[in-house]
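Residue numbers for the sequence shown, in this note's numbering: 456 to 509.
Here a beta-carbon is modelled for each residue, glycine too, at the ideal position from N, C-alpha and C.
All figures in this text were calculated on a predicted structure; none of them were measured in a lab.
Structure first, then comments.
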Amino acid sequence: MSSITQKTEKRRAIRQKTAGKQAKKARAKQGTPPFPLDPAQAGPDSAEKQAAKK
């Protein structure tokens, strides 16, 4: 029979491992949020500069 301390530490480890998994999955599925790019600060070969030239 294991001690109460060992049981407690095992439970804590399990809780810490599973904490936040749902939120992490939701963030991963959501992907990168859209954000505005300033064409003046973009590199010379960036997609924004290429689109501005056309």
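Original post:
With a CB to CB cut of under 8 Å and the five nearest residues on each side skipped, what residues in its chain are close to Pro499?
Top reply: In the sequence shown, the residue the question calls residue 499 occupies position 44. Excluding residues within five positions, none has a Cβ falling inside 8 Å.
Original post:
Does DSSP put Thr487 in a helix, in a strand, or in coil?
Top reply: In the sequence shown, counting from the first residue as 1, residue 487 sits at position 32. Taken through DSSP and simplified to helix, strand or coil, Thr487 comes out as coil.
Original post:
Which residues bound the alpha helix (DSSP H) around Ala468?
Top reply: As a position in the sequence shown, residue 468 is number 13, starting the count at 1. That run of the alpha helix (DSSP H) goes 459-473.
**OP:** Could you tell me which of Leu492, Pro491, Gln477 sits nearest to Gln485, measuring between CA atoms?
**Re:** Walking along the sequence shown from the start, residue 485 turns up at place 30. Checking every option, the nearest Cα to that of Gln485 belongs to Gln477.
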